[in-house]
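Scroll down for the structure; my scribbles are underneath it.
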Ligand code: 13P
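Residue numbers (the numbering used here): 228 to 478.
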């Protein structure tokens with residue numbers, strides 16, 4: 228059985244004290260969520276060490292939102308995977324559309340970052356997704372398939388055990404415009420097929436594929452009921468503990 232996950236991407240929100248408070252609120256309600264649903268919070272770098280402390284002993288796991296594409300050295304402003312590991316990070320998000328769009332994150336860089344993360348035993352939540360123009364041109368399957376192939380086809384079936392995919396249609400992020408359950412499911416099924424073509428049916432079957440984009444307590448149930456949707460990567464709604472937990476309770 229593949230793992231179900233509800234992950235909160237806090238993006239560039241909250242001060243450190245606010246983040247600690249939010250983490251504590253999530254921890255306080257984490258035990259209400261089903262045992263087979265993993266909870267992850269992806270905080271800004273500055274928050275990681277304190278949030279690691281706040282979630283200690285709970286089922287909540289810690290993620291970063293990005294990592295450097297080098298191991299160490301003269302890369303001012305960057306944060307390495309070894310640093311992430313040293314503060315208790317279990318995961319890093321990679322390839323979020325905001326990083327692809329604003330910070331020049333390319334599939335080539337994502338291959339390197341994924342290699343570095345896996346080498347340190349850090350799990351990767353790899354984001355893929357088409358923008359509005361690509362969807363309107365009917366290119367969404369091609370765009371997402373290419374993103375998966377360009378990055379994940381460089382890895383092995385063994386590596387895939389530490390990789391989660393998140394499908395986040397760019398037009399649904401922060402817009403209040405959720406993909407319908409059918410729109411999301413057909414892309415998730417396509418991603419699973421692309422994974423099966425390279426790694427075989429079992430690896431594809433075992434890979435957790437999350438949906439992200441205006442996911443909230445009111446629409447999570449329908450999305451999560453789809454057979455290829457294994458949870459969510461939550462932005463705005465992850466900033467309120469009750470909404471975040473509410474989403475996890477949709478299982
Ligand atoms: P929203 O849930 O705010 O649409 O953001 C989704 C997202 O980008 C999570 O990574």
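C-beta atoms are modelled at their ideal positions from N, C-alpha and C, and glycine is treated no differently.
Legend entry - Member of 352, 356, 344 and 282 whose CA lies at the smallest distance from the CA of residue 440: 356
Legend entry - Residues that residue 318 bridges to, as DSSP identifies them: 290 and 350
Legend entry - Length of the line joining the Cα atoms of residue 300 and residue 364: Cα to Cα, residue 300 sits roughly 43 Å from residue 364.
Legend entry - Sub-7 Å separation of residue 351 and residue 414 beta-carbons: No, the Cβ-Cβ distance between residue 351 and residue 414 is not below 7 Å.
Inset, instruction - Taking residue 462 as part of the alpha helix (DSSP H), name the residues at either end of that continuous run. - result: Looking at the DSSP string, residue 462 is not in any alpha helix (DSSP H), and its letter there is neither H nor E.
Inset, instruction - Specify whether the stretch 423-443 and the stretch 245-262 touch according to this definition: at least 3 beta carbon pairs, one from each stretch, less than 8 Å apart. - result: no
Legend entry - Inside the stretch 237-282 only - beta strand (DSSP E) runs reaching at least 3 residues: 264-269
Inset, instruction - Determine the contact status of residue 457 and residue 231, defining contact as a CB-CB distance below 7 Å. - result: yes
Legend entry - Own chain residues within Cβ distance below 6 Å of residue 421, not counting five before or after: 372 and 375
Inset, instruction - Confirm, please, whether the CB-CB distance from residue 255 to residue 269 is below 7 Å. - result: no
Inset, instruction - Please confirm whether any heavy atom of the ligand 13P lies closer than 6 Å to the CB of residue 441. - result: Yes, Cβ of residue 441 sits closer than 6 Å to a heavy atom of the ligand 13P.
Legend entry - Per-residue DSSP class, three states only, for residue 400: coil
Inset, instruction - Whole angstroms is fine: what's the gap from residue 266's alpha carbon to residue 341's? - result: Roughly 21 Å between the two C-alpha positions.
Inset, instruction - Compute the minimum distance between the beta carbon of residue 460 and the heavy atoms of the ligand 13P, and state whether it is under 6 Å. - result: yes
Legend entry - According to DSSP, residues forming a beta bridge with residue 391: 352
Legend entry - Nearest to residue 260 (by Cα), restricted to the options 295, 286 and 339: 286
Inset, instruction - Could you tell me whether any non-hydrogen atom of the ligand 13P is closer than 6 Å to the CB of residue 474? - result: no
Inset, instruction - Using only the heavy atoms of the ligand 13P, determine whether one of them is closer than 6 Å to the beta carbon of residue 436. - result: Outside the cutoff, so no.
Inset, instruction - Could you tell me if the beta carbon of residue 400 falls within a distance shorter than 6 Å of some heavy atom in the ligand 13P? - result: yes
Inset, instruction - Note down the Cα distance separating residue 334 from residue 228, rounded to an integer number of angstroms. - result: 29 Å
Legend entry - Option in 296, 279 and 460 with minimal Cα separation from residue 288: 279
Legend entry - Under 7 Å between C-beta atoms of residue 314 and residue 276: yes
Inset, instruction - Mark residue 236 as exposed unless 16 or more other C-beta atoms lie within 10 angstroms of its C-beta, in which case mark it buried. - result: Of the residues assessed, residue 236 falls on the buried side of the cut-off, its CB having 16 or more other CB atoms within 10 angstroms.
Legend entry - Within 7 Å, strictly: CB atoms of residue 452 and residue 474: no
Legend entry - Same chain only: Cβ atoms within 7 Å of residue 478, ignoring 5 sequence neighbours per side: 231, 261, 264 and 451
Legend entry - Simplified DSSP state of residue 411, which is helix, strand or coil: helix
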